[in-house]
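Below is one structure, written out as structure tokens; the observations come after it.
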Amino acid sequence: MSQNFRRAFWAVASLIKILMAEWIAVVTLAQVWGVFAQGFGRGPCPGDWSALDLFTLLGFLIGAAALAWWLWRTLWPTTLDEEFRGNVKLGPLVIQHGRFGSAQYRFLSTHPSYLIVDAVTVFAAWFLRSFSDLDLESDGCRYVMDLARGEAIFLLALVFPVVRLAGWYLLGRRVEAPLGAGLYPAIWFGIVMALPAAILLWTWFQVFVIPQEEAPLVDRLPAETPGEVVRIVGHLRPDSLVSCPCPAGYDQACRRISVVVELSDGVALVAAEGLGRRDLEALYKDAAEPFETYGRIVPKDPSICGVAEARPDLVVMYELP
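Under numbering that gives the first Met the number 0, think of the first position of the sequence shown as 0, with each following residue one higher.
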């Protein structure tokens, strides 16, 4: 390993600073966009400016400043003299160590290899966007801000790689430097980011995938164990989808549904509420035989959507483990 490559490790701190600037800009400006989308109204939803306040203005100023700093460093690139000085934290005390974890290095303010930083922002923004894929007519007008914010987060994240590449290749906004000056820090950034990515992936499997695989398979009425997550497998009763009105004081759009699944020796009602309703509706629409879904066994509460009509032997609230 060359000495230049080893020294480039400290430049990861500067790349993380770029990543933080991107995320400050994306999150704050997307929030502002959501507030204005709610204010002007969208689709069937009337305008509502109740969310516009001083915090919205403050968020805009912070986001605009972060974006301006990023654009300045990207479209007017230079080679910077950066310094990383490690701090040792002991409770409320912060001790700046004189030698360990400290370094001075030269850093290019932009480089095509920094797309790896932009990719982290784009992927995370896409992930957040997937949670705001909402239908205002069915999900309700209170989600106007969430929908607009999710769209804005993803679109703003796409700005960074486009501007970086356009500035470097089309506008000629580049710094002449050895290849390793920009590439080596990006490689180290990928190595450093691999650890939290692996931890997140492992956590995802532990929290979602493995519990789903280990959940008991139920194709007949079990000995009821309230709170247990099971995999329900059976025959989906045709035209059994029931949509229930929302309780008084909630958004006028219904947020609760249920379907009936016929087991080998009884009837199970699978109910869903909140955004889980969309998942169960999608399963119902593209149902395969046998029909399978997940849920948590709950008591037969008459207030649960569909219980009074179906009179089920088993009630399961749709929920991924």
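Every residue, glycine too, gets a C-beta built ideally from N, C-alpha and C.
Keep in mind the model is a prediction, meaning the values are calculated, not measured.
Inter-residue Cα distance where the pair is residue i and residue j
i	j	result
TYR293	LEU178	52 Å
VAL241	LEU235	13 Å
ALA214	ILE256	23 Å
THR109	ALA271	48 Å
ILE190	ALA123	18 Å
ILE15	LEU51	31 Å
ASP218	ASP278	21 Å
ALA156	VAL121	5 Å
LEU53	GLY38	15 Å
TYR168	GLN103	29 Å
TYR283	ARG173	54 Å
TRP75	ILE17	15 Å
VAL260	LEU216	14 Å
TRP187	PRO111	15 Å
ALA307	LEU56	49 Å
LEU199	ALA281	27 Å
LEU127	ILE152	8 Å
ASP238	LEU268	13 Å
ASP117	VAL161	10 Å
PRO225	ALA197	34 Å
ALA258	TRP203	Reading off the sequence shown, one finds Val at residue 258, where the question assumed Ala. Roughly 28 Å between the two C-alpha positions.
SER131	ARG254	15 Å
ALA180	GLN2	12 Å
ARG321	ALA65	Residue 321 lies beyond the residue range present for the chain, which begins at 0 and ends at 320; the question has no answer from this structure.
LEU262	ALA287	15 Å
TRP201	PHE59	36 Å
VAL206	SER129	19 Å
GLN251	TYR142	Residue confidence is low: GLN251 scores 48 on pLDDT, short of 50, so the model does not pin down where it sits. Its coordinate-derived value is still stated next. One C-alpha to the other measures close to 12 Å.
TYR113	PRO311	57 Å
ALA67	LEU146	26 Å
VAL208	TRP125	21 Å
Cβ-Cβ distance between residue i and residue j below 8 Å
i	j	result
MET19	VAL119	no
ILE296	GLU212	no
MET144	VAL25	no
LYS299	VAL314	yes
ALA29	ARG148	yes
LEU322	ASP264	Nothing can be reported for residue 322: it is not among the residues displayed for the chain, which extend from 0 to 320.
ALA222	VAL266	no
PRO324	GLY233	It is not possible to answer for residue 324, since the shown part of the chain is limited to 0 through 320.
GLU291	ARG230	yes
PHE159	SER13	no
ALA176	THR78	yes
TRP69	GLU21	yes
PRO184	ALA10	yes
GLY322	ILE115	The structure shown does not extend to residue 322, since the chain is modelled only from 0 to 320, so the question has no answer here.
THR73	GLY171	no
Residue range of the beta strand (DSSP E) that includes residue i
i	result
SER242	241-243
ILE256	255-262
LEU66	Note, LEU66: premise wrong, no beta strand (DSSP E); alpha helix (DSSP H) at 53-74.
MET178	At residue 178 the sequence reads Leu, which differs from the Met that was named. It is not in any beta strand (DSSP E) - LEU178 instead sits in the alpha helix (DSSP H) that spans 178-203.
VAL232	228-235
GLY265	265-272
ILE209	Run containing ILE209: none in the beta strand (DSSP E); it sits in the alpha helix (DSSP H), 209-213.
VAL306	From DSSP, VAL306 is part of no beta strand (DSSP E) but of the alpha helix (DSSP H) over 306-309.
PHE290	290-297
Where the alpha helix (DSSP H) containing residue i begins and where it ends
i	result
SER13	11-39
VAL158	143-164
TYR317	Careful: TYR317 lies outside any alpha helix (DSSP H), inside the beta strand (DSSP E) at 313-317.
VAL116	114-129
VAL174	Where VAL174 is concerned, there is no enclosing alpha helix (DSSP H), given that its DSSP letter is neither H nor E.
GLY275	275-284
ARG219	Run containing ARG219: none; DSSP gives neither H nor E here.
PHE4	2-6
Among the options, the one whose alpha carbon lies nearest that of residue i
i	options	result
PRO210	TYR104, ILE115, TRP187, GLU318	GLU318
SER49	THR77, ALA36, GLY58, ARG276	ALA36
ARG5	ILE115, ALA65, VAL31, LEU182	LEU182
TRP32	THR73, TYR113, LEU154, TRP9	LEU154
GLY40	ALA67, VAL208, CYS140, ASP312	CYS140
Neighbour flag for residue i against chain D, beta carbons, 8 Å
i	result
GLY179	Note that chain D does not occur in the displayed structure, where there is just one protein chain.
Closer than 7 Å: residue i CB and nearest the ligand MN heavy atom
i	result
ALA180	With respect to small molecules bound, the structure shown includes none, and the ligand MN cannot be examined in it.
Contact between the region 301-308 and the region 259-273 (3+ Cβ pairs under 8 Å)
yes
Quick one: any contact between the region 69-84 and the region 44-59, if contact means 3 or more CB pairs under 8 Å?
no
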